[in-house]
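What follows is a single structure, written as structure tokens, with notes after it.
Protein chains in written order, with the working numbering: chain A, 139 to 409; chain B, 353 to 601.
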């Protein structure tokens, strides 16, 4: 039984790694379009992908650049964790209490309606040029996404399962831990993937505007020097960091939770 | 000595009374079938009795140690394997994982669920297998009372019979008492010691008939004849196949 579980996991991991080929093919297509753009517009407007990769290699061979990338990643992940926790807790509360939901809906609309750039300006005034500015901006920009996902998850839960649990003597806490959270997880993971992406984007933007170093700071410098290849290289580094977090953590955890959905597909392409 | 006693129980949804003045009792080790026409509140009654719903009026007195329940649909957790689904009541009661798995395997054995399928998810199982898992789940905590809410309605005739036999065997082996809601008189006459007929509008229990012999020891012919005599000659069963037009329309 345990051996079967492990071979199953190994198979899933293998499929997951194998699916990287299709991702690679899509990225190669993007690189081809990029190369085409380069050949049309020239080196100054759009450096070649290979030149950018070389610039990236040069940047990454400097240990100081690693510190910069880690700094931005740390800020993004910090903001992501805080906003995931805040959004998930608020979403649970709103999902289980319709009155809270009614009060929270307009607030979410307002929060999502204000452009992140406005929050950055406010956060800069409140927190100055510190990590706080970045984390708070991420919190405001991405926690509503998690909130909506979780609240949606709670309200779409299968109430007949709740009744079943009640018939077997489960109190409210047991029902929440064994049914509610498990169902919410299915809605939580897509929201987490989106909010992680938002966290990285907002982190870079906030760094650029608040002048607090990190990848955003390097982008600001590249712009000042009209160093297009450098700017593109830093963008690629930011995207690579995001991909590492998303495919290294969010997706594996998600696929572990969604094993039963994969089981419903008997053969063919497992997505 | 009754292990379940309902006293003057009533319930209503949004002001519409579906149950009123229900008095019934189930003795230790007794299987009681509750029949009635579609829409008369059978399902509500068994949910109230099992504590899934609070009654608006009246009292439910339970003198048994623990109960299990089988619903109309299997109501399995889609994300859990058959084994984990069977073990779910044990998880609620806080039992350790290893012991849970052991007890769940034993319960699966009792309903003739294939050991090889225990690692599968509900989506990979047929309807009959899913309902088997649901029965095993109801039996796993070794309850001394079981509630059934039309559990085999969606199954075909042969499978239904097989499931009824499983329940009869389990009740004889474990001596649990049960309240079995059904609209199928043959099923009631095979499984139960006693049949209660609910009033057409859910206003009280219209009457009861005690059945001869022990469940499982009755000949098919005798069961069939009993049901025929109920349907043809017994005024108590006159409305049993009526359909509530408010629901159909």
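All C-beta atoms in this analysis are idealised placements derived from N, C-alpha and C, irrespective of residue type, glycine included.
When secondary structure is reduced to three states using DSSP, residue 506(B) falls in the coil class, being assigned neither helix nor strand. Residues of the same chain with a CB within less than 7 Å of the CB of residue 224(A), apart from the 5 flanking positions on each side, are 277 and 281 in chain order. For the C-beta of residue 430(B), the chain A residues within less than 8 Å are, from N- to C-terminus, 398. Note that the C-beta distance between residue 444(B) and residue 312(A) is below 8 Å. Residue 194(A) carries a helical assignment under DSSP once its states are collapsed to helix, strand and coil. Counting every other CB atom within 10 Å of its CB across the protein chains shown gives residue 363(A) a total below 16, marking it as exposed. Around the beta carbon of residue 181(A), fewer than 16 other beta carbons sit within 10 angstroms, so the residue counts as exposed.
One thing to note: residue 361(B) has its Cβ within 8 Å of the Cβ of residue 371(B). No Cβ of chain A is located within less than 8 Å of the beta carbon of residue 497(B). Listed in chain order, the non-local C-beta contacts of residue 290(A) below 6 Å within the same chain comprise 325, local neighbours out to five positions each way being set aside.
In the three-state reduction of the DSSP assignment, residue 174(A) falls in the helix class, which pools H, G and I. Segment contact: the segment 426-443 of chain B against the segment 306-322 of chain A, three or more CB-CB distances shorter than 8 Å; contact assigned.
Within chain B, 427 and 429 have C-beta atoms less than 8 Å from the C-beta of residue 299(A), given in sequence order. With 16 or more neighbouring CB atoms inside 10 Å of its own CB, residue 269(A) falls in the buried class.
The alpha-carbon separation between residue 520(B) and residue 567(B) amounts to approximately 7 Å. Counting along the chain, residue 385(A) sits inside no alpha helix (DSSP H), nor does DSSP assign it H or E at all.
Annotation: the continuous beta strand (DSSP E) that includes residue 364(B) extends over 354-365. Taking the CA atoms as reference points, residue 361(A) sits about 55 Å from residue 475(B). In the displayed model, residue 585(B) falls within a helix according to three-state DSSP. Counting only runs of 3+ residues, the beta strand (DSSP E) found wholly inside the segment 400-454 of chain B occupies 409-414 and 419-422, in chain order. In this chain, residue 590(B) is not harboured by any alpha helix (DSSP H), its DSSP state being neither H nor E. In this structure, DSSP gives residue 555(B) an extended state, which the three-state scheme calls strand.
The alpha carbon of residue 545(B) has as its nearest neighbour, out of 531(B), 557(B) and 535(B), the alpha carbon of 531(B). Proximity of residue 502(B) to chain A, defined by a Cβ-Cβ separation below 8 Å, is not satisfied.
When C-alpha distances from residue 307(A) are compared across 418(B), 589(B) and 583(B), the shortest belongs to 418(B).
Close partners of residue 421(B) in chain A (Cβ separation under 8 Å): 302, 305 and 306.
With a threshold of 16 other beta carbon atoms within 10 Å, residue 248(A) falls short and is exposed. At least one C-beta of chain B is nearer than 8 Å to the C-beta of residue 316(A). DSSP, reduced to helix, strand and coil, places residue 336(A) within a helical segment of the structure shown.
Residue 361(B) is outside the set of residues whose beta carbon lies under 8 Å from a beta carbon in chain A.
One Cα belongs to residue 187(A), the other to residue 467(B), and the distance between them is close to 56 Å. For residue 403(B), the chain A residues whose Cβ falls inside 9 Å of its Cβ are 304, 305 and 307, in order along the chain.
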